[in-house]
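Residue numbers for the sequence shown, in my numbering: 22 to 207.
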Amino acid sequence: MAQPLRSSAPAPSRTSSLAPAPEPERDYVNGLESAAALLNKFKELSKGGTFTYDRKRRPYAFYGTNHSSVSDVLQANLWKFRLTTVARDVLDYMVTHHDRQALVKTTQAKLGEHFCCSQTKVSKAIGELARHNFTWKEKRGLYRLNPLYAYGWGSDHHRELVVSLQKVLLEHQIEIPTVGKKETSR
22 MAQPLRSSAP
32 APSRTSSLAP
42 APEPERDYVN
52 GLESAAALLN
62 KFKELSKGGT
72 FTYDRKRRPY
82 AFYGTNHSSV
92 SDVLQANLWK
102 FRLTTVARDV
112 LDYMVTHHDR
122 QALVKTTQAK
132 LGEHFCCSQT
142 KVSKAIGELA
152 RHNFTWKEKR
162 GLYRLNPLYA
172 YGWGSDHHRE
182 LVVSLQKVLL
192 EHQIEIPTVG
202 KKETSR
């Protein structure tokens, strides 16, 4: 038989007032550090040091044989970009079809055929992604996925690529849009 609840629990001695949250650092917007700050971290890592682990490497348990790493801050705030359905489809395609250099070899016509839509819709979608710096056109039929958003070839290759693209990445920083009256964060 259950015991009755006691009403003689001690009352809290004093309720603490909530302190205001500290202002975010200038380099951070919605938890996203600037590309410059991120590249500085890579410079520090390149100075040396070792990573060790004792366990054997094991494959991840995902559908298929490959997986991609995606920035959790950008993924959590992706809704703020208000991407069209086709833009989101093209972005997802690029995340799953880029090579070690974060390049996607395809044409707008091929993407239109893949998504059963017009080349014009694909062109507008790529323009939308390019305005937000998720991708940009290298040349006809060759697009680069921003490796600070997603990459699928492992952390060693990722670091090498980010260092080699340092100047380009500083020109293509992804900035999370502000939505509503107050800035929201994850």
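We treat Cβ as the ideally placed atom computed from N, Cα and C, and that holds for glycine.
Small disclaimer: the values here were computed from a predicted structure and weren't measured.
Roughly how many angstroms lie between the CA atoms of residue i and residue j, to the nearest whole one?
i	j	result
histidine 193	proline 168	11 Å
proline 198	histidine 153	9 Å
serine 185	glutamate 149	25 Å
tyrosine 172	glycine 201	30 Å
glycine 133	arginine 180	32 Å
histidine 135	leucine 191	32 Å
valine 94	serine 139	32 Å
leucine 166	glutamine 122	9 Å
aspartate 110	asparagine 61	32 Å
leucine 112	leucine 124	13 Å
leucine 147	cysteine 137	It is worth fixing the name first, because residue 147 is isoleucine in this sequence and not leucine. When rounded, the distance between both Cα atoms is 16 Å.
glutamine 96	lysine 131	26 Å
leucine 99	glutamine 187	23 Å
aspartate 120	valine 183	14 Å
serine 55	tryptophan 174	23 Å
glycine 195	histidine 178	This sequence places isoleucine at residue 195; glycine is not what is there. Isoleucine 195 and histidine 178: Cα-Cα distance of roughly 21 Å.
What residues are listed by DSSP as bridge partners for residue i?
i	result
tryptophan 157	Arg165
serine 90	Tyr172
lysine 126	Leu163
Can you check which of these residues, the options, is closest to residue i by C-alpha distance?
i	options	result
glutamate 159	Ala130, Val184, Val189	Val189
serine 176	His88, Ala57, Gln140, Lys101	His88
threonine 105	Ser55, Trp157, Lys145, Gly162	Lys145
threonine 156	Lys101, Ser55, Asn98, His118	His118
phenylalanine 102	Tyr114, Gln187, Ala151, Leu182	Ala151
arginine 161	Thr127, Leu182, Asn98, Gln187	Thr127
Would you grab the beta carbon distance between residue i and residue j for me? Rounded to a whole angstrom, and I think it's under 8 Å.
i	j	result
valine 91	tyrosine 164	Between tyrosine 164 and valine 91 the Cβ distance is about 17 Å, and since that is not below 8 Å, they are no contact.
valine 116	lysine 142	Wrong, their Cβ atoms sit about 19 Å apart, outside the cutoff.
Let me confirm a value: residue i is counted as buried when at least 16 other C-beta atoms fall within 10 Å, else exposed. Which label applies?
i	result
glutamine 129	buried
alanine 58	exposed
arginine 47	Residue placement at arginine 47 is flagged as unreliable, the pLDDT there being 48, under the threshold of 50; a coordinate-derived value is accordingly withheld.
Nearest chain C C-beta to residue i closer than 8 Å, yes or no?
i	result
aspartate 120	Within the model displayed, chain C is absent; a lone protein chain is all it includes.
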